[in-house]
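Asks: Residue numbers (the working numbering): 5 to 301. Quick reminder that beta carbons are idealized off the backbone N, C-alpha and C, glycines included. Just so we're clear, the structure is a prediction, and the values are computed from it rather than from any experiment. Sharing a structure with you now.
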């Protein structure tokens with residue numbers, strides 16, 4: 005009886021500890037998701053009036069909507085370019101600042117400052133810095149004898165510019181996570197490798213990367229989710245232009261809901277984005293888990 009009562013007490017304590025987090029998730033994630041799925045079968049305006057049941061009509065419209073596929077391609081393009089670049093640069097930065105010294109501590113602070121700033125503020129500042137007419141960078145380029153380009157109005161350079169600013173903003177955040185993983189690796193592995201004559205690159209690929217795989221799995225999945233949800237810098241810097249070259253799915257959801265006032269179709273796009281993000285994240289996580297298991301074996 006004592007064992008049963010003890011087990012019941014532990015389960016009750018566990019439920020009480022988890023309950024606040026689950027309540028927040030239910031209110032801000034699960035319930036809105038269910039509501040969005042229900043709304044995707046209706047057409048209605050922003051005032052939540054004139055409900056018209058559409059069945060799968062919104063989903064049929066989705067598969068024939070050129071704007072949706074353009075935004076989908078832009079989102080995939082952003083994600084495919086951002087994730088490898090983000091993880092690679094963050095890992096390099098984490099390795100370089102791992103040592104304990106005042107200089108390395110200063111570098112950690114400098115790298116992390118953009119991560120705690122608002123993306124809206126950063127986007128506004130960078131929009132001024134790279135502006136063709138008043139931007140300081142374009143002024144320096146002119147001083148060097150080159151002709152500056154209006155990056156945010158170029159169909160070729162607008163998306164790469166948005167990508168680089170997004171990577172720069174998140175560099176410090178992922179650097180700190182990877183740095184925590186690096187500090188968890190036992191130094192004896194590196195000492196043994198040095199005795200065997202291993203060089204810096206060999207130690208990095210044979211020790212650092214395999215031992216860091218669990219942390220890398222988390223950062224990669226988190227970066228993928230964040231990339232699929234990109235909105236702030238696109239809305240502030242380009243508004244989806246020029247010629248919809250930087251319009252992402254979240255920006256399309258915003259414009260459909262709050263500019264075209266088509267809330268039902270916006271919910272449909274949101275559901276499609278959720279399914280896409282969920283599938284890609286699960287597949288990536290499973291792939292990374294297999295890599296972890298192969299490393300452990």
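Output the boundary residues of the alpha helix (DSSP H) element that contains residue 171.
Replies: Here residue 171 corresponds to residue number 167 of the chain shown, with the count starting at 1. From DSSP, the alpha helix (DSSP H) with residue 171 extends over 162–187.
Asks: Would residue 83 and residue 228 qualify as a contact pair, given that the criterion is a beta-carbon distance under 9 angstroms?
Replies: The residue given as residue 83 occupies position 79 in the chain shown. The residue given as residue 228 occupies position 224 in the chain shown. Going by C-beta atoms, residue 83 is nearer than 9 angstroms to residue 228.
Asks: In terms of DSSP beta bridges, what is residue 56 paired with?
Replies: Walking along the chain shown from the start, residue 56 turns up at place 52. Beta-bridge pairing links residue 56 to 47.
Asks: If we require 4 or more residues per run, which alpha helix (DSSP H) segments fall completely within the region 198–227?
Replies: Segments of the alpha helix (DSSP H) lying fully in the region 198–227: 204–207.
Asks: So which of 16, 45, 23 has the shortest CA-CA distance to residue 269?
Replies: Position 265 of the chain shown, counted from the start, is the residue given in the question as residue 269. Per the Cα distances, 45.
Asks: Could you check the C-alpha separation between residue 200 and residue 210 for me, to the nearest Å?
Replies: Locating residue 200 in the chain shown gives position 196, counting from the first residue. Locating residue 210 in the chain shown gives position 206, counting from the first residue. Distance between the alpha carbons of residue 200 and residue 210 is about 13 angstroms.
Asks: Are residue 181 and residue 222 touching if we call contact CB-CB under 9 angstroms?
Replies: The count along the chain shown starts at 1 and reaches residue 181 at position 177. The count along the chain shown starts at 1 and reaches residue 222 at position 218. Yes, Cβ-Cβ distance for residue 181 and residue 222 is below 9 angstroms.
Asks: Are the region 103–116 and the region 258–268 touching by the rule of at least three beta carbon pairs closer than 8 angstroms?
Replies: Output reads no: the region 258–268 does not touch the region 103–116.
Asks: Apart from the five residues just before and just after residue 170, which ones in its own chain have a Cβ nearer than 7 angstroms to its Cβ?
Replies: Locating residue 170 in the chain shown gives position 166, counting from the first residue. The answer, listed in chain order, is 86, 234, 237.
Asks: Taking 9 angstroms as the CB-CB limit, is residue 208 close to chain D?
Replies: Chain labels in this structure do not include chain D; a single protein chain is all it has.
Asks: Which full runs of the alpha helix (DSSP H) of 4+ residues lie inside the region 93–126, going along the chain?
Replies: Segments of the alpha helix (DSSP H) lying fully in the region 93–126: 106–120.
Asks: Are the region 179–197 and the region 142–153 touching, with three or more C-beta to C-beta distances below 8 angstroms?
Replies: The region 179–197 is not in contact with the region 142–153.
Asks: Three or more C-beta pairs under 8 angstroms: does that hold for the region 245–255 against the region 172–188?
Replies: Segments in contact, no.
Asks: Any idea what DSSP makes of residue 158, helix, strand or coil?
Replies: As a first step, residue 158 must be located in the chain shown, where it is residue number 154. Note: residue 158 maps to coil in three-state DSSP.
Asks: Check this for me: beta carbons of residue 174 and residue 118, under 9 angstroms apart or not?
Replies: The residue labelled residue 174 in the question sits at position 170 within the chain shown. The residue labelled residue 118 in the question sits at position 114 within the chain shown. Yes, they are a contact pair.
Asks: Is it right to say residue 59 is buried, meaning 16 or more other beta carbons lie within 10 angstroms of its own, or is it exposed?
Replies: Position 55 of the chain shown, counted from the start, is the residue given in the question as residue 59. Residue 59 should be labelled exposed.
Asks: Please return the same chain residues whose Cβ sits closer than 7 angstroms to the Cβ of residue 123, not counting the five positions on each side in sequence.
Replies: Residue 123 sits at position 119 when you count from the first residue of the chain shown. Counting only Cβ-Cβ distances below 7 angstroms, and skipping sequence neighbours, we find 173, 236, 237.
Asks: Less than 6 angstroms between C-beta atoms, sequence neighbours within five positions excluded: which residues of the same chain meet that for residue 165?
Replies: As a first step, residue 165 must be located in the chain shown, where it is residue number 161. Here the set comprises 155.
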